[in-house]
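What follows is a short report on a single structure.
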Amino acid sequence: MALIVQKYGGSSLADAEKIKSVAQRIARTADADNKVVAVVSAMGDTTDDLVALSQQVSKNPEPREMDVLLSTGELVSCTLMAMTLRSMVHKAISLSGAQAGIR
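Positions 16 to 118 (my numbering) are the ones given, in order, by the sequence shown.
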């Protein structure tokens, strides 16, 4: 059993149909007797939208706060992906960077 890491950018996750399409691709890889780790970016223009919003409230936001803010986009994507995969009867959980042991 191979460990396959797949990375999906925001444009491939821009809406529910695209998330379902990516989930099918992940599922096919898992069905081929592989362990899959899927790394997902924020959906569509979410990161750009969050940066723009931060600039509306602060001219010089602290890097730590920007990190936390921008991570919310990835959390939405990974949670929706896990939900989609589970609806397809595949084992899946969403993890934040901290939950995955990234500090």
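In this text, a Cβ means the ideal position worked out from N, Cα and C, and glycines have one as well. A quick note: this is a predicted structure, and the numbers were derived from the prediction, not measured.
Short Cβ contact (8 Å threshold) for residue i with residue j
{"i": "VAL51", "j": "GLU89", "result": "no"}
{"i": "HIS105", "j": "ALA45", "result": "yes"}
{"i": "SER73", "j": "SER111", "result": "no"}
{"i": "ALA57", "j": "VAL91", "result": "yes"}
Between the CA atoms of residue j and residue i - distance to the nearest angstrom
{"i": "ASP64", "j": "SER26", "result": "14 Å"}
{"i": "MET16", "j": "SER102", "result": "24 Å"}
{"i": "ASP48", "j": "GLY59", "result": "30 Å"}
{"i": "VAL83", "j": "GLY116", "result": "16 Å"}
{"i": "ILE34", "j": "LEU18", "result": "22 Å"}
{"i": "GLN71", "j": "ALA113", "result": "28 Å"}
6 Å CB neighbourhood of residue i in its chain, flanking five on each side removed
{"i": "SER109", "result": "CYS93, THR94, ALA97"}
Same chain, Cβ closer than 7 Å to residue i, five either side skipped, listed in chain order
{"i": "ALA38", "result": "MET96, THR99, LEU100, MET103"}
{"i": "ALA53", "result": "GLN21, TYR23, ILE41, MET96"}
For residue i, the residue or residues it bridges with in DSSP
{"i": "ASN49", "result": "ALA17"}
{"i": "VAL54", "result": "LYS22"}
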